[in-house]
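In the numbering used here, the protein residues as written are 455 to 840.
In this text, a Cβ means the ideal position worked out from N, Cα and C, and glycines have one as well.
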Amino acid sequence: MQDFIFQMPRKTEIGFFKSRDIAKIIKEIEIQRVLVVIDYNLKKIGIVDQMFNNLKKENISFTVFDNIKNEPTIAEIDQAIHDLKVASNFDEVVGIGGGSTIDVAKLLAVSGSIKGSIRDYIGINLIKESSLPTIMVPTTSGTGAEVTPNAVVKDPVEGWKKGIVSSFLIPDRVILDPELTMSLPPKITAETGLDAFTHAIECFICKKSNTMSDLFALSAMRLINTNLHQAVKEGGNKEARYNMLLASFYGGIAITNSGTGGVHALAYPLGGKYNISHGLSNSILLTEVMRFNAGAVPEKFVKIAKAMGIETINLSQEKAVRAALDVISKLVDDVGIRVENFEVSEQIIDVLAKSAMFEERLLKNNPRPIKYEDARIIYRKSLVMK
Ligand SMILES: [Fe+2]
């Protein structure tokens, strides 16, 4: 009998080579001028050429914006908004790439309602107007950015990443084409895949979880547990790539309707300090944060164990929880995540724990309160001490 709101994109298409149909999908609505926001590195991939050729063949007028760095800064996005004048020059925004590219595309699509700098819109629901129509085409299986109402921007002044959250950032249409993920190297596949797993498990155990977000979160965990290892070890496995892209999308739906918690809160300072990927930061902390949380919501960890393929019927709650934690730890180890390279001192642990305390939005959603001392213990257990 829980009250909740459920949101997701208007239309999603999934299938190998679906992205080649992008011209047809664009033409479903009356569009004259399209802004295509794309990851610079993707332009080298033949399949993107095919997308562009299809647009030309269908006489769709489009402009390509590919000046996006990984983790763009507030100033870079402000500059793009100023240069492109999206609201007056375009009718639709298409984003093709990883999480950063899609986040920029989402922000450009709402830029008509942004006065001044996007810095003033950091926070929740400060963007209050509809965007231009959007189509998002993810090329990694991890962030779920193609679904979420979030855009992450880097603030070089304060040194860490911040979130702009608004329902108006949720894309309209999504194309999930696993072919675009086939050439991802094992390291990126592993780290992004564990980011997706972190979304699923955090959304499932967190305070804002609800019966609908749980459906997607549990399915994502099941899919990732059975496909991530194969996608990492055998990148050409089409079924594993398909299932990982779907799982990432499910994880994104879970974020949109629930939210992440302690792993993400502690991962942001870690990623900033060591300049490591978001997925890797989460992976390093995942097991210890889950050990910390398990006692607060043991019944949920029994359900996680079931989703991860453990036969729980003859197990006590305690044993089922332990089995779930073991499978999570194995999932991280099996895809080669190691922390030997991140030796830290007590002084660094102190800085990380203090920074994590600023992530109030995420900490508030964690099933068990994480205080400064708790954060120190989790970092200490997750990292190799000098
Ligand atoms: Fe994430």
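Beta-carbon gap between residue i and residue j smaller than 9 Å
i, j, result
"Val805", "Lys727", "yes"
"Gly647", "Ala599", "no"
"Val686", "Thr643", "yes"
"Leu769", "Ile832", "no"
"Leu817", "Pro823", "yes"
"Pro463", "Pro625", "yes"
"Val606", "Ile707", "no"
"Leu586", "Val564", "yes"
"Thr714", "Gln456", "no"
"Leu496", "Val488", "no"
"Thr527", "Asp609", "yes"
"Phe506", "Val490", "yes"
"Ser667", "Phe458", "yes"
"Ile550", "Ile492", "yes"
"Val786", "Thr741", "yes"
Nearest neighbour of residue i, chosen from the options [CA to CA]
i, options, result
"Lys510", "Pro526, Ile476, Lys539 and Ile522", "Ile476"
"Ile522", "Ser515, Ile531 and Phe516", "Ile531"
"Pro632", "Thr594, Ile624 and Cys660", "Thr594"
"Lys465", "Phe703, Leu538 and Val491", "Phe703"
"Val743", "Lys835, Ile459, Phe812 and Glu814", "Lys835"
"Arg474", "Asp493, Gly500, Phe812 and Tyr494", "Gly500"
"Met675", "Ile581, Lys754, Lys661 and Asn820", "Lys754"
"Gln461", "Glu688, Arg627, Tyr696 and Asp574", "Arg627"
"Glu661", "Ile459, Lys498, Asn820 and Glu467", "As written in the sequence, residue 661 is Lys, which differs from the Glu given in the question. The option with the nearest alpha carbon to Lys661 is Asn820."
"Ile655", "Glu645, Thr635, Leu634 and Ile678", "Ile678"
"Phe516", "Phe544, His732, Gln533 and Glu525", "Phe544"
"Gly763", "Glu797, Gly749, Ala778 and Glu688", "Ala778"
"Phe651", "Thr635, Ala774 and Thr680", "Thr680"
"His732", "Lys760, Cys657 and His653", "His653"
"Lys784", "His683, Asn579 and Tyr696", "His683"
"Gly790", "Glu772, Leu734 and Lys825", "Leu734"
Straight-line gap, residue i to residue j (C-alpha atoms, nearest Å)
i, j, result
"Ile782", "Ile556", "29 Å"
"Leu596", "Thr710", "Rather than Leu, the amino acid found at residue 596 in this sequence is Gly. In a straight line, the C-alpha of Gly596 is about 14 Å away from that of Thr710."
"Thr766", "Phe622", "41 Å"
"Val619", "Glu512", "35 Å"
"Asp788", "Ala701", "18 Å"
"Met698", "Leu562", "28 Å"
"Val756", "Arg792", "27 Å"
"Ser637", "Val540", "32 Å"
"Ala694", "Leu837", "30 Å"
"Gly705", "Gln801", "35 Å"
"Ala810", "Ala719", "6 Å"
"Ala529", "Ile485", "30 Å"
"Lys616", "Ser571", "14 Å"
"Ser737", "Lys481", "40 Å"
"Val717", "Pro640", "22 Å"
"Glu814", "Glu612", "16 Å"
"Ala807", "Ala671", "28 Å"
"Asp828", "Val547", "43 Å"
"Asp574", "His536", "15 Å"
"Thr588", "Tyr722", "28 Å"
"Ile629", "Lys560", "15 Å"
"Gly566", "Tyr494", "24 Å"
"Ile576", "Ile568", "12 Å"
"Asp520", "Ile758", "40 Å"
"Val775", "Asn729", "33 Å"
Reduced DSSP secondary structure (H/G/I, E/B, other) of residue i
i, result
"Arg627", "strand"
"Phe755", "helix"
"Gly570", "coil"
"Asp545", "coil"
"Ile764", "coil"
"Lys615", "strand"
"Asp457", "coil"
"Ala671", "helix"
"Ser809", "helix"
"Thr876", "What is shown of the chain runs 455 to 840, which leaves residue 876 out entirely."
"Ala750", "coil"
"Glu467", "strand"
"Ile578", "strand"
"Ile550", "strand"
"Gly835", "As written in the sequence, residue 835 is Lys, which differs from the Gly given in the question. Here Lys835 sits in helix by DSSP."
"Arg792", "coil"
"Ser735", "helix"
(message) I need the residues with a C-beta less than 7 Å from some heavy atom of ligand 1; please give them in chain order.
(response) Every residue passing the under-7 Å Cβ criterion appears here: Thr597, Asp649, Thr652, His653, Thr714, His718, His732 and Asn736.
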